[in-house]
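Here the first sequence is numbered in full-length UniProt numbering, starting from 1 and rising by one per residue.
Using N, Cα and C, we set each Cβ at its ideal position, and we do this for glycine too.
Computed from a predicted structure; not experimentally measured.
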Amino acid sequence: MSTNENQPGPNFIRQIINNDLKNNKNDGKVVTRFPPEPNGYLHIGHAKSICLNFGIAAEYNGRCNLRFDDTNPEKESDEYVESIKRDVSWLGFEWSELCHASDYFEQLYDYAVQLIKQGQAYVDSLSAEEIRAYRGTLTEPGKESPDRSRSIEENLDLFQRMRAGEFADGQYVLRAKIDMASPNMNMRDPAIYRIRRVHHQRTGDDWCIYPMYDYTHCISDAMEGITHSLCTLEFEDHRPLYDWVLDEVKTPCHPQQIEFARLQLEYTIVSKRKLNQLVMEKHVNGWDDPRMPTIAGLRRAGFTPKAIRDFCERIGLTKQNSWIEMGVLEYCIREDLNENALRAMAVLQPLRVVIDNYPENQVEQLEVSNHPQKPEMGKRIVPFSKVVLIERDDFAEVPPPKYKRLVEGGEVRLRGSYVIKCNEIVKDADGNIVELRCSYDPDTLGKNPEGRKVKGVIHWVSEQHSHPAELRLYNRLFSVPNPDNEPNFLDVINPDSLEVLTDCRVEASLGTADPDNRYQFERTGYFCLDAIDSAGGKLVFNRTVTLRDSFEKD
RNA sequence: UGGGUCGUCGCCAAGCGGUAAGGCACGGGGUUUUGAUCUCCGCAUACCAAGGUUCGAAUCCUUGCGACCCAGCCA
Numbered sequence: 001m002s003t004n005e006n007q008p009g010p011n012f013i014r015q016i017i018n019n020d021l022k023n024n025k026n027d028g029k030v031v032t033r034f035p036p037e038p039n040g041y042l043h044i045g046h047a048k049s050i051c052l053n054f055g056i057a058a059e060y061n062g063r064c065n066l067r068f069d070d071t072n073p074e075k076e077s078d079e080y081v082e083s084i085k086r087d088v089s090w091l092g093f094e095w096s097e098l099c100h101a102s103d104y105f106e107q108l109y110d111y112a113v114q115l116i117k118q119g120q121a122y123v124d125s126l127s128a129e130e131i132r133a134y135r136g137t138l139t140e141p142g143k144e145s146p147d148r149s150r151s152i153e154e155n156l157d158l159f160q161r162m163r164a165g166e167f168a169d170g171q172y173v174l175r176a177k178i179d180m181a182s183p184n185m186n187m188r189d190p191a192i193y194r195i196r197r198v199h200h201q202r203t204g205d206d207w208c209i210y211p212m213y214d215y216t217h218c219i220s221d222a223m224e225g226i227t228h229s230l231c232t233l234e235f236e237d238h239r240p241l242y243d244w245v246l247d248e249v250k251t252p253c254h255p256q257q258i259e260f261a262r263l264q265l266e267y268t269i270v271s272k273r274k275l276n277q278l279v280m281e282k283h284v285n286g287w288d289d290p291r292m293p294t295i296a297g298l299r300r301a302g303f304t305p306k307a308i309r310d311f312c313e314r315i316g317l318t319k320q321n322s323w324i325e326m327g328v329l330e331y332c333i334r335e336d337l338n339e340n341a342l343r344a345m346a347v348l349q350p351l352r353v354v355i356d357n358y359p360e361n362q363v364e365q366l367e368v369s370n371h372p373q374k375p376e377m378g379k380r381i382v383p384f385s386k387v388v389l390i391e392r393d394d395f396a397e398v399p400p401p402k403y404k405r406l407v408e409g410g411e412v413r414l415r416g417s418y419v420i421k422c423n424e425i426v427k428d429a430d431g432n433i434v435e436l437r438c439s440y441d442p443d444t445l446g447k448n449p450e451g452r453k454v455k456g457v458i459h460w461v462s463e464q465h466s467h468p469a470e471l472r473l474y475n476r477l478f479s480v481p482n483p484d485n486e487p488n489f490l491d492v493i494n495p496d497s498l499e500v501l502t503d504c505r506v507e508a509s510l511g512t513a514d515p516d517n518r519y520q521f522e523r524t525g526y527f528c529l530d531a532i533d534s535a536g537g538k539l540v541f542n543r544t545v546t547l548r549d550s551f552e553k554d
């Protein structure tokens, strides 16, 4: 049993916080935030950040805000806002406050005016291309813009008129006056406001100028009293700017930005652009396609919040760029589902078995436990009759070495039922096996046969009592560990990422399967009812993950 | 080649000068009416490399080497 959720290991961020607490920094408070931009669906990489920020806050009796970093209305929408709130809640977290960077637009504007007054920001009329050219390169310093020496009065006037909508989009930009020769590109007079006549999902048309990330994020953190601003490694170079802004506008508090390595999971991509492309070009069936690494996709596939949280704790937290193997995620979901999923039987590719010595119209209501190790999970009734269906794979005319399922003349246990023996193979004109004629040993219900041992146990359903169902077998979406490395990631989409089986039969009890339940279809994997596509009485199950399989095949 | 960051087992990851935790994966044994679960055992004389300091170095110093990030009016 996992103790991970209860006894988290040490990591460098917890060490920093412990140290801050020891020195009574921030009056012993811990306040974090999860700051997504509402321009896409949350994915497994965000889950790492969510678990970190909300987890840290909970652990230290602190607070964690959900803050939408909504400073670029061109890409943002309310649909994303809603999906993000849903996903964070589903993962099991409650935000202390729901915030928006757009709530701070007025304050942000005032601080910008202050910077101008301090001679630390100026309105630049250079075009985007010119600014790029003036910025210099990684090894050469940049050149100062001619507008850098504009007077404070003129800057104030121009910035006020930018806000008033007197200029065209892109005509002017407000820049911080820092150092065009800085070896850190972010400090070469970064733009902090641009003119953009775009309708904002929250502020409507109130603004035609929008603040940039670097300027907005640190001030938003300060306004919320964030103590530890956790972000990913690529923002390391931005920290001097983060600190510069807060120092210069003189916010009442100064949060500490700490960077950690983002999650990289083998066989998946998390680029919003590419995820969007998969959806738009219909390589998958929507943002919640079970093959997607989105929270919505994982949810629809049958993943549990607990398993995802456990995963995020297990993978650790460092500043090292690293790749997590799929096996870790699979282990986490199997661990949870093994413990909590109800057992049931489903036959994916049915093979008819007629039990010749079983009475024609007899039906036995067998009682089978819902979990072999947890009697408290109860029992269910599984009807048994003369004709049952077994998995085609569980019979072999020419068995491979070590095969312990059904063979001609051999015996096998029908799980929770009797031992049967295969007496005859019935084939059609083309030589395909159409059914097996078997006999059962009436003295093997709930006990082992006398004088011989039957090693194999296979699953089955009663033909007349089972329900037809569609099973969707999902596999990894990509066939290489790092699709981002490919010239075109679409070329490495796994052609077998989805296998739809339409002739499956599931046991009687699954006729009333609950979409909130998780099931282990014994010997085949963990499944859940697809609530959306099962509407109208059809039974559609999604495979969350296979069972571990240590049977070595050649 | 300017700046920033990082190198401990196949993959993660502890370690913070006192003689290499743990997890996943993998290999093997046992239990089992799921080839599942459970359980037991094995799995780095060695920490990117080379020097140095020290009674003692993965931990300190020096010099190399390798990887990642940065030149959006994106976040």
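{"Item": "Could you give the residue range of the beta strand (DSSP E) that holds N19?", "Value": "Element bounds for N19: not the beta strand (DSSP E) but the alpha helix (DSSP H), F12 to K22."}
{"Item": "Exposed or buried, what is L233 when buried is set at 16 or more other beta-carbons lying within 10 Å of its beta-carbon?", "Value": "exposed"}
{"Item": "Taking a contact to mean a Cβ-Cβ separation below 8 Å, would you say Q464 touches V398 in this structure?", "Value": "no"}
{"Item": "Output needed for E330: all residues of its chain with C-beta closer than 8 Å, excluding positions within five of it in sequence on either side, in chain order.", "Value": "V545"}
{"Item": "Would you tell me roughly how many angstroms separate the C-alpha atoms of R543 and A168, rounded to the nearest one?", "Value": "53 Å"}
{"Item": "Would a C-beta distance cut-off of 8 Å place residue 593 and R309 closer than the cut-off?", "Value": "Outside the shown range of the chain, which is 1 to 554, sits residue 593, and nothing can be said about it."}
{"Item": "Relative to the alpha-carbon of S369, which residue among R380, P359 and V363 has its alpha-carbon at the smallest distance?", "Value": "R380"}
{"Item": "Just confirm the distance between the C-beta atoms of V88 and I50, as a whole number of angstroms; I'd bet it's less than 8 Å.", "Value": "6 Å"}
{"Item": "Round the Cβ separation of Y122 and K75 to the nearest angstrom and send it over; I've been treating them as touching at under 8 Å.", "Value": "Actually they are not in contact, since the Cβ atoms of Y122 and K75 sit about 27 Å apart, beyond 8 Å."}
{"Item": "Out of H200, L263, V419 and I333, state which residue places its alpha-carbon closest to the alpha-carbon of W460.", "Value": "V419"}
{"Item": "Please classify residue 563: does DSSP put it in a helix, a strand, or coil?", "Value": "Residue 563 is absent from the model: the chain starts at 1 and stops at 554."}
{"Item": "Return yes when the Cβ of A296 is within less than 8 Å of the Cβ of Y41, no when it is not.", "Value": "yes"}
{"Item": "Could you check if A112 is buried or exposed, using at least 16 other CB atoms within 10 Å of its CB as the buried criterion?", "Value": "buried"}
{"Item": "Please work out which residues of its chain come closer than 7 Å, Cβ to Cβ, to D428, disregarding the five sequence neighbours upstream and downstream, and give them in chain order.", "Value": "V434"}
{"Item": "How would you label P372, buried or exposed, when you count the other beta carbons within 10 angstroms and need 16 or more for buried?", "Value": "exposed"}
{"Item": "Report the three-state DSSP secondary structure of P442 (helix, strand or coil).", "Value": "helix"}
{"Item": "By DSSP, does T3 sit in helix, in strand, or in coil?", "Value": "In this prediction, T3 scores a pLDDT of 32, lower than 50, which makes its location untrustworthy; the coordinate-derived value is nonetheless stated afterwards. T3: coil per DSSP, three-state reduction."}
{"Item": "Which of the three DSSP states is assigned to N370 in this structure?", "Value": "coil"}
{"Item": "If contacts are defined as beta-carbon pairs under 8 Å, then P36 and D78 qualify, I think. What distance do you get, rounded to the angstrom?", "Value": "About 14 Å; that fails the 8 Å criterion."}
{"Item": "Please report the straight-line C-alpha distance between N4 and N11, rounded to a whole angstrom.", "Value": "Legend: pLDDT at N4 = 34, less than 50; position of this residue unreliable, value from coordinates given subsequently. Answer to the nearest angstrom: the Cα atoms are 13 Å apart."}
{"Item": "For D206, which option in I195, D124 and P468 has the closest C-alpha, if you only look at C-alpha atoms?", "Value": "I195"}
{"Item": "I'd like to know if the region 236-248 and the region 287-296 are in contact, where contact means that at least 3 CB-CB pairs between them fall below 8 Å.", "Value": "no"}
{"Item": "Please report the residue range of the beta strand (DSSP E) in which S462 lies.", "Value": "W460 to S462"}
{"Item": "What first and last residue would you give for the beta strand (DSSP E) that runs through Y134?", "Value": "Counting along the chain, Y134 falls outside any beta strand (DSSP E), though it belongs to the alpha helix (DSSP H) covering A128 to Y134."}
{"Item": "Start and end of the beta strand (DSSP E) containing T544?", "Value": "V540 to V545"}
{"Item": "What do you reckon, are the CB atoms on L436 and R392 nearer than 8 Å?", "Value": "no"}
{"Item": "For L547, which residues of its own chain have a beta-carbon under 6 Å away from its beta-carbon, when the five flanking residues on both sides are left out?", "Value": "G525"}
{"Item": "Could you tell me the boundaries of the alpha helix (DSSP H) in which V123 lies?", "Value": "Counting along the chain, V123 falls outside any alpha helix (DSSP H), though it belongs to the beta strand (DSSP E) covering A121 to D124."}
{"Item": "Could you tell me the distance, in whole angstroms, from the CA atom of N448 to the CA atom of E411?", "Value": "12 Å"}
{"Item": "Between the region 234-242 and the region 184-193, can you find at least three pairs of beta-carbon atoms closer than 8 Å?", "Value": "yes"}
{"Item": "Hey, how far is the Cα of E376 from the Cα of F521?", "Value": "19 Å"}
{"Item": "Looking at the structure shown, is S149 part of a helix, part of a strand, or coil, going by DSSP?", "Value": "helix"}
{"Item": "From K25, L265, D430 and D243, pick the residue whose C-alpha is nearest to that of Q257; which is it?", "Value": "D243"}
{"Item": "Have a look at the DSSP bridge pairing and note the partners of P350.", "Value": "E391"}
{"Item": "What three-state label does DSSP hand A222 in the structure shown?", "Value": "helix"}
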